[in-house]
Structure formats: structure tokens, C-alpha cells
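Chains as they are written, first to last, in our numbering: chain A, 468 to 751; chain B, 468 to 751. Cβ atoms here follow ideal geometry from the backbone N, Cα and C, with glycine treated the same way. Below is one structure, written out as C-alpha cells, with a few remarks after it.
So, in C-alpha cells, the structure goes:
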């Protein structure tokens, strides 16, 4: 397919994802394309494109890495929604809810496979990227498994809660930056990217929990407010908010230590989240 | 980990698979290792090793490709058993039956991811292998989706039955040989490998169906005997047997056209299956 010159990098990511899932070539590919078409902030694609541009990488590699990370994220959403029996995603029915459990398993598998295929455009660096992606996918799977096993347990420690939140979402938030660093031969900085992703993930999860205190209690899902209340905090909402702000701050600091501004967008996202949470704290 | 010199290539494949799924690093990795440890014929690993040896490839690449194909196969087993609600696998409880649906989804994802990671050892050829693997994984997913959508429908044509059987199992049977051909710069012969895998898969599925006529009828699963009976065949068992023999013969012919004996083991497997079926046909 000829790609018009005027396409933006983000549009190229969209085209690449549709092509890799095989839209128009059978049910699973069509459902995958439909799921991708339902929107989403494309946070991971944007992080990859911004880091790649900051590090001076060729656009083809940047698009490949961005599509890979976004496909991985969407694979995890499709399978997580099924595991968690979350019926809605992006204001529509989740894939399992609309097309059935078996279709959701197939679609998630296809998205995961497509993510790896996207890395083929990274030439000689492909093997190193493959290993990194697998390591991080393994971490996400361990995080999701731990989360599932802690359902309905109110005796979870704060440390364990943070470990699970960091493990579930952190790896795919830092991976876009990690892969750009590897491509730019800046692999020494991977740890800072990992820390930034994990802190962001924990801050984000706590913010999310603050919105879902009632619902999570009903569904016996892990929630930081319940964790804090169970250890005797008298103002668990306030403490959770302060903790989240601290995590966003640490995420920003770690992201800003990355070379050549590779973590600038991640730092900006952390600041936006932090500002929104500050506004909530201020009296009207 | 130091690998002892005395380890056979097949033992190296086992070690590599265990290492890539992260045995000992969490629940999903442990279950994946347990599933792999339950046995299985390692047909796809053996096909990869034999084709690689025939084509003079380095052992490291052969082991990487063999582990990738075997991991893909096992990923598909774990997810298929869940989709089909098959309770037993290799004489043990299937993963979903023993550990639950959510764990089975995680374990299948981990095995799929590990398969791609295994290809990192293939150096400059890695990008081409990635694309090929994704194409074939897509074909398997389309085959599995079609199979699921045809459940309980007795009006399936023989052509459609064969298409589904070829699509579901053919790609992962030929993939070991296909990847070895790509590594040996013999990509012109991929089509013969694909045909051999598909014919073998259809013959194998028909043989399997002959053993499961009653059970499949109860479970409303697609079975060639029912397909033949529905179109008015008076001796559907005999016809199915003849068709299966024809498919094994075609598989053998296609495999034997591959360069430098790369398809010899696949041809041998087809002959073994064919001989076993012939014996069944002969009067005692």
C-alpha cells in the first residue's frame, strides 16, 4: 500500500496497526481493527514518537516502535477486560461482551502477534528489541496475575499494592521510551525509564481508585483507599491523594533525567495528572 | 546459565523454552513450564531441527527456530483448550481446568510472547522470520475462528471442512520448515512447505475425526464423517479414510520436493500416519 507523504507519524501508526492485524482478512482482524478504531488516547504511541524524535531516530523505526507498543497495550486491554469481566471499554461493549469469549481470546492473540511483527522494521536492532519487549510483556503478565490473585483480599499491604500497580501498567508505559533508548544506543538509561513508568503507573492507579472507591468495594477489587483504611488510616482519601501526587512527582523526576529530552512527554503527562489531582484537592 | 556441551539439540530446545517462559519467576511462568513439562511429541521442534540440519544451518539458529515453533504450538493448545472447553491435555487437566480461565489466558499470552523472543537469536534474518511467523499465526487464528463459527452446523461442505482443517493446524506444521528455508535463503520453496503442512494437517484431522465420530456428534464439533454423511455418502468412514490417505500422499510429495532433503522428516511423518491408517483398513 502506498502511504501518502502527507500522513503524520501518528496516522502512519494507525495505518500500520490496521495493516498488521489484517483488517479485511477475517473475523479476528476485523474485530481487532474495530477495537482499535474505537479510539483511545494513543498515549504509548505518542510517547514512542516523542522519545524517538528527541533522540533523532528515523521515522520508520519510530512508527514501528509506536505501533508495537500501542498494539501490546490493546492486546492487554482485550484480554484484561475478558479476565476482569469488564463489560465496557471506550464507551462501547468490550470485545468479549460483543463478540464472545473465544473471539476475544483470538483478537488479543492477534494484537500481541502483530506487535512483535511491527518490530521487523527495526533492522539490525530487532533482536535486542524483541528480548526487551518479551521481558516487559512477562512483567505485565506477572502483574496481571498478581492483581487477579489479590481480588477480595483486604489485608494487602501498601507495598504489595504498589508493586502490583507498578507491574500491571508500568512496563507498557515505559516501553515506548525504553525501545527508543535502545534504538538510539542509550541503553544505560533504561532503569530511569522503568522507574518513571512504574511511578506514573502507581500514581495513575491511585487516581483511578479515588474515582472508583464504591464500585471497587462492591466488586471486591483492589483499591488503595480500602488498603489504607484497612491499616487504620483515618483519612484514607487524603492520604491516597498525597501518595499519588508523590508518585507523579517521582515519575517526572525520573523521566527528566533521560538523555536529550527523551522523557519530556512522559514528564509532561505526569505533570498534567498531578495538576488535575491538585485542583481536586483545593477548596472551590 | 552454562549449557553443558553434552546436551542434545532437543534438550537445548527444552532448556530454551523453560528459560523464555520465566520458570520460577511467577505463577504464569511456572504454569507454562509445568504445561511444557507434561510432554508432547515435540513434532514441530523435531521438524525444525531436521530441516535446519539438512540445510546446514548453525545449531543456535536451529534451536531458536525449534523453540519458537514449539512455543507457538503450546500457546495455541492452551488457548484452544480454553475456547473449546477441552478438559484434558496430555492425560492431565488442561491449564484452564486446573488453574482457571484467567490463568490460561495469561499462560497462552506468555507462551506466544516467548516464541517471538526466541527468534532474537537469528541475527540479521530476525525481521524476515518475524513477519513470516506473524503471517502464519494470523492464519492459525483465522482457522480457529472459522472452526468455532462452524460448530453445530452439519451443512458444511467438504471444501470448507478441508479449508478449516488446513488453516487451523497446517501453518504451525509447516512453519518449522518454512523458517529453516528462510534462514537458508531458500525462500522460493516456501509454497511447497505450506502445501505439505496443509495436506498433512487435513489428513491428520480426518484421522482424528475417524476416532471421534461419536464424541464429536455429541459435542456438535465439526467431523468429516458427519460432513460426508450429510452430503449422502453411503460409506462415509471408508471415504474419509481414502481421503485422509490421499492427503498424506500429497503431503509427502510436496515435502519431498523441498531442497536438500529439508522436508524429509515431514514426509516420513506423513508416511507413518498413512501406514497406520492402511493397517486399520486391511482385514485382520
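Residue i - DSSP class collapsed to helix/strand/coil
i                      : result
residue 555 of chain B : strand
residue 751 of chain B : Any answer about residue 751 of chain B is weak, because its pLDDT of 45 lies below 50 and its placement is not dependable; what the coordinates show is given next. Note: residue 751 of chain B maps to coil in three-state DSSP.
residue 485 of chain B : helix
residue 577 of chain A : helix
residue 522 of chain B : coil
residue 630 of chain B : helix
residue 743 of chain B : helix
residue 478 of chain B : helix
residue 494 of chain A : helix
residue 515 of chain B : helix
residue 624 of chain B : coil
residue 473 of chain A : coil
Minimum C-alpha distance to residue i - residue among the options
i                      : options                    : result
residue 647 of chain B : B:499, B:485, B:531        : B:531
residue 572 of chain A : B:589, B:545, B:586        : B:545
residue 568 of chain B : B:581, B:554, B:615        : B:554
residue 723 of chain B : B:674, B:685, B:659        : B:659
residue 605 of chain A : B:603, B:581, B:608        : B:581
residue 820 of chain A : B:476, B:600, B:509, B:508 : Summary: the structure shown does not reach residue 820 of chain A, with chain A confined to residues 468 through 751, and so no result is reported for it.
residue 752 of chain A : A:715, A:702, A:685        : Only positions 468 to 751 of chain A appear in the structure, and residue 752 of chain A is not among them; the question remains open.
residue 609 of chain B : B:547, B:584, B:663, B:590 : B:547
residue 613 of chain B : B:473, B:481, B:629        : B:629
residue 607 of chain A : A:710, A:482, A:541, A:527 : A:541
residue 623 of chain B : B:584, B:688, B:561        : B:688
residue 710 of chain A : A:591, A:596, A:667, A:661 : A:667
residue 570 of chain B : A:611, A:717, A:506, A:563 : A:611
residue 603 of chain B : B:592, B:587, B:583        : B:583
residue 656 of chain B : B:477, B:728, B:483        : B:728
residue 479 of chain A : A:505, A:502, A:499, A:516 : A:516
residue 726 of chain A : A:676, A:644, A:665        : A:644
residue 712 of chain B : B:559, B:739, B:700        : B:739
residue 641 of chain B : B:560, B:539, B:482        : B:539
Interface flag, residue i vs chain A, CB-CB below 9 angstroms
i                      : result
residue 572 of chain B : yes
residue 609 of chain B : yes
residue 583 of chain B : yes
residue 594 of chain B : yes
residue 591 of chain B : yes
residue 495 of chain B : yes
residue 492 of chain B : yes
residue 745 of chain B : no
residue 546 of chain B : yes
residue 550 of chain B : yes
residue 637 of chain B : no
residue 714 of chain B : no
residue 632 of chain B : no
residue 542 of chain B : yes
residue 601 of chain B : yes
residue 604 of chain B : yes
residue 598 of chain B : yes
residue 489 of chain B : yes
Interface flag, residue i vs chain B, CB-CB below 9 angstroms
i                      : result
residue 643 of chain A : no
residue 579 of chain A : yes
residue 479 of chain A : no
residue 575 of chain A : yes
residue 588 of chain A : yes
residue 654 of chain A : no
residue 553 of chain A : no
residue 612 of chain A : yes
residue 741 of chain A : no
residue 615 of chain A : yes
residue 458 of chain A : Limits of chain A in this structure are 468 at one end and 751 at the other, which puts residue 458 of chain A out of reach.
residue 524 of chain A : no
* Would you be able to state if there are at least three C-beta pairs under 8 angstroms between the segment 507-525 of chain A and the segment 637-653 of chain A? => With the cut-off at 8 angstroms, the segment 637-653 of chain A and the segment 507-525 of chain A touch.
* Touching by the beta-carbon criterion (3+ pairs, under 8 angstroms), the segment 722-738 of chain A and the segment 684-703 of chain A -> Put simply, the segment 722-738 of chain A does not touch the segment 684-703 of chain A. Fewer than three CB pairs are less than 8 angstroms apart.
* Three or more C-beta pairs below 8 angstroms linking the segment 574-587 of chain A and the segment 491-500 of chain A -> The segment 574-587 of chain A is in contact with the segment 491-500 of chain A.
* Cβ contact (3+ pairs, closer than 8 angstroms) linking the segment 626-635 of chain B and the segment 532-539 of chain B -> No, the segment 626-635 of chain B does not touch the segment 532-539 of chain B.
* Within the segment 637-725 of chain B, note down every full alpha helix (DSSP H) run reaching 4 residues or more, in order along the chain. => The qualifying runs are 657-678, 680-686, 691-697, 703-723.
* Sequence ranges, alpha helix (DSSP H) only - wholly within the segment 558-620 of chain B, length at least 4 -> Taken in chain order, the complete alpha helix (DSSP H) segments of 4 or more residues contained in the segment 558-620 of chain B are 562-566, 568-585, 593-617.
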